[in-house]
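These notes are about the structure you will find just below.
Protein chains: 2
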Amino acid sequence: MLDDRKVKVLHAIINSYILKAEPVGSRTISKQYDLGVSSATIRNEMSDLEELGYLNKPHTSAGRIPSDKAYRLYVDQLLKAEKLKMDMKKKNEIKKALVEESQEIDQLIQNSAKIISAITSYTSLAISPQLKESRLKHIQLIPIDEAEILVVLVNESGIVKNTIFRVEQNIPEDQLLTISNFLNHKLKGFTMDEINQAMDEGIFREIHDLKKILDKIIPIINKSLEDIDNVDVYADGVTKIFNFPEYRDLNKAKSFISFIEDKELLIDLLLNDTLEGDIEITIGDENIYDPIKDCSLITTTYRLGDMTIGKIGVIGPTRMEYFKVINALRLFSVNMTEILDMLLGNPRV
Amino acid sequence: MLDDRKVKVLHAIINSYILKAEPVGSRTISKQYDLGVSSATIRNEMSDLEELGYLNKPHTSAGRIPSDKAYRLYVDQLLKAEKLKMDMKKKNEIKKALVEESQEIDQLIQNSAKIISAITSYTSLAISPQLKESRLKHIQLIPIDEAEILVVLVNESGIVKNTIFRVEQNIPEDQLLTISNFLNHKLKGFTMDEINQAMDEGIFREIHDLKKILDKIIPIINKSLEDIDNVDVYADGVTKIFNFPEYRDLNKAKSFISFIEDKELLIDLLLNDTLEGDIEITIGDENIYDPIKDCSLITTTYRLGDMTIGKIGVIGPTRMEYFKVINALRLFSVNMTEILDMLLGNPRV
DNA sequence: GATTAGCACTCGATGATAAAGAGTGCTAAC
DNA sequence: GTTAGCACTCTTTATCATCGAGTGCTAATC
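Top to bottom, those sequences are chains A and B.
When you line the first sequence up against my numbering, it's residues -9 to 339, in that order.
When you line the second sequence up against my numbering, it's residues -9 to 339, in that order.
Next up, the structure:
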């Protein structure tokens, strides 16, 4: 069905269209890509490719445009054929830049998005670590002054969360310590769900004298653990979309940018996919959301330990420089995993 | 120079232009605004107003467009004349929505930006609290496990910051407590600058046995206090700009959105102004930055105690619904100040 | 002296028409 | 199977006439 020459023609068309963003004619291919056949032959092949669904015609007298199906074929072959020859020098440069700028995890993610957008020239997306079901590692109550107590929570991954709350009457420091110890003893290693369940079962029944303060603290613990699990998304280089002729149309640009502006949708977009695999590519109509049905989304994951905890990627017109983007993202996947390990991972000494 | 009727004509033109975004002709004014004079008279007045710099002509046979100078006059009179009749019902509605959604300060600011953009239909901007020179209120070291210590800092305003760091060898809990107490004793109430200075003066000389751990902690304290002072900006409703006909031009839209995307510039924009005053308005060419020289920026401040600590505002075409925006922002200024007081302020019981 | 009706004039916007150009698809020859 | 050649299609671009909103001036009017 798809003989060797057809594939070559198709690739030539795709390459040309990625480069120029203009419908590709038979003459262009026969002249600029060395296939050794005349434009008439190319015309015949193109006609076949169109029939097979790999090419579209904007109108009779225009050239051809690759379909989503064509990109899919192209990308699959790209991913299969391509050896992962990572440019270690570049990788380490990026790593250095990332580490220097990012002491906090959120900063790391944000900076990654920024750098990716800069080096690929596409809009980048990134989602903060997913630490679903995080387990409590440490809890401590600290008196700030007579009327304020600070609750500090640390989860397994080393993410910390604090809340200050007010109390009517002064609670002696040693009593707070007792409470801290007690809570640590009872709740350490549990997820929020488990803590809730334990409470329903009345693990605190034994101590009546602390009840009043515990009643105040438990909701805080809950909220904080919830907060830790909360995700954030970042986008960078949104206006890069204006550089692509397909977004000369104001309405298209608007709908794209509106989509990117909607954090809820972005989170959904990045999480709905699996968190598996190395590089994931969604092309055009394969996307669920209407506003990006003529975009391609390329994402990669980053890990903490052996858990995949987040995603970072690039979005742009289906006519995307897949090769370049895939390579850039691979660099980041490795780098971020390494950096996260350094920032959050358990010390392995 | 500017007699009463000229002002009336000018206001009519401004109102019409704000509404329609189209050059205003003399006939429109004489028909739709009840000034009791013919279009010819209006024409004469318009000619005078143009000479005085209040009106511009796109070309000979178009109507007139208000100049920045005209908006400035209009706005100044608006601010002077307008009584602050705050819609208390609406104010409290908004307050309720804000309080429910925002437990964290940053969330409060973000939500405010979102709501403001929604009710005004313009792009909103907000900057996180400026707690310049924040003073240390409390510091505590908490052992997480054998190799990790959590440093918790609380500043005067009740903002908390944590960092986990690793130690080679286990430090006994009581020793950490001693260190905490010592640091609290020495550093409480000081700003970062003062802490640095104190260290240069060698306040820690007396205790040699703690030197090793202190050397590790001091940079963390510094970084954390710096971090607390760090500002963040938020923008919401960026794509609203597409709704305005003056941004039908792709390049204009791009340059506007690029500007808004650049956090550095936004911070500068919001901080370069004074932090004084109720409502501040910068019109068109009064703006320093080129990309927004045909925008107006309206901001208001919010306070903590008697210190102005942040700004929130709206940006849009100079043809802006000043009245509506000013009223909306006033509501927010009061609400946010009240909410911040509740979240962070000292308990006054 | 201010106001107004009247009218010539300006200039962008709109739409129709023509010409140019890129590309296809078919046919017939190689 | 490949290719040259050519009629045909459809968009793009340029040109030109027309339309209409609006001005600015003049002369008449209040």
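All residues carry an ideal CB built from backbone N, CA and C; glycine is no exception.
If you drop the 5 nearest sequence neighbours on each side, which residues of the same chain put their C-beta closer than 8 Å to that of asparagine 145 of chain A? Leu121, Ser124, Arg125, Leu126, Lys127, Lys151, Leu215 and Ile218
Determine the burial state of glycine 388 of chain B: buried for a count of at least 16 other Cβ atoms within 10 Å of its Cβ, exposed for fewer. Missing from the structure shown is residue 388 of chain B; chain B here goes from -9 to 339 and no further.
Note down, one range per segment and in chain order, each beta strand (DSSP E) of at least 3 residues found wholly within the segment 111 to 144 of chain B. 113 to 117 and 126 to 135
Proximity below 8 Å, CB of leucine 345 of chain A to CB of isoleucine 305 of chain A: Any property of residue 345 of chain A remains undetermined from this structure, which presents chain A solely from -9 to 339.
Could one say the Cβ of glutamine 130 of chain B lies closer than 8 Å to chain A's Cβ atoms, at least one of them? yes
Would you call the segment 327 to 335 of chain A and the segment 41 to 54 of chain B in contact, with 3 or more CB pairs under 8 Å? no
Where leucine 240 of chain B meets chain A, residues with beta-carbon distance less than 8 Å: Phe232, Arg238, Leu240 and Ala243
Restricting to runs no shorter than 3 residues, where is the beta strand (DSSP E) found entirely within the segment 211 to 285 of chain A? 223 to 226 and 269 to 273
Through-space distance from glutamine 22 of chain A to serine 118 of chain B, alpha-carbon basis: 55 Å
Under DSSP, the beta strand (DSSP E) around threonine 342 of chain B begins and ends at which residues? With chain B running from -9 to 339 in the structure shown, residue 342 of chain B is simply not present.
Straight-line gap, valine 157 of chain A to asparagine 325 of chain B (C-alpha atoms, nearest Å): 25 Å
Are there 16 or more other CB atoms within 10 angstroms of the CB of leucine 319 of chain B, so buried, or fewer, so exposed? buried
Given a limit of 9 Å on CB to CB distance, which residues of the segment 251 to 262 of chain B reach chain A? Glu251
According to DSSP, simplified to helix, strand and coil, what is alanine 180 of chain A? The question names alanine, but residue 180 of chain A is phenylalanine in the sequence shown. In the structure shown, phenylalanine 180 of chain A sits in coil (DSSP, three-state: anything other than H, G, I, E or B).
For chain A, is any of its Cβ atoms less than 8 Å away from the one on glycine 148 of chain B? yes
Exposure label - methionine 76 of chain B; buried when at least 16 CB within 10 Å: exposed
C-alpha distance - threonine 290 of chain A paired with lysine 244 of chain B, whole-angstrom precision: 28 Å
What is the residue span of the alpha helix (DSSP H) that valine 89 of chain B lies within? 78 to 91
Under 7 Å Cβ-Cβ, which residues of chain B neighbour threonine 110 of chain A? By Cβ distance, chain B contributes nothing, its closest Cβ being about 16 Å from threonine 110 of chain A, past 7 Å.
Please return the same chain residues whose Cβ sits closer than 7 Å to the Cβ of glycine 15 of chain B, not counting the five positions on each side in sequence. Gly53
Residue-level contact to chain A via CB, leucine 140 of chain B, 8 Å cutoff: yes
Within 10 Å of its beta-carbon, does glutamine 67 of chain A have 16 or more other beta-carbons around it, so buried, or fewer, so exposed? exposed
Starting from serine 144 of chain A, find everything on chain B with Cβ-Cβ shorter than 9 Å and list it in chain order. Per the sequence shown, the amino acid found at residue 144 of chain A is valine instead of serine. Ile132, Ile134, Glu138, Leu140, Asn152 and Ile154, listed in chain order.
Can you name the residues that DSSP bridges to arginine 293 of chain A? A:Thr298
Given that serine 248 of chain B touches chain A, what residues does it touch there, using C-beta distances under 7 Å? Thr229
Which residues in the same chain as arginine 62 of chain B place their Cβ atom closer than 7 Å to its Cβ, once the five residues preceding and following it in sequence are excluded? Ile273
Could you please give me the residues that DSSP links to asparagine 325 of chain A through a beta bridge? Beta-bridge pairing links asparagine 325 of chain A to no other residue.
Min CB distance lysine 104 of chain B to chain A below 8 Å: no
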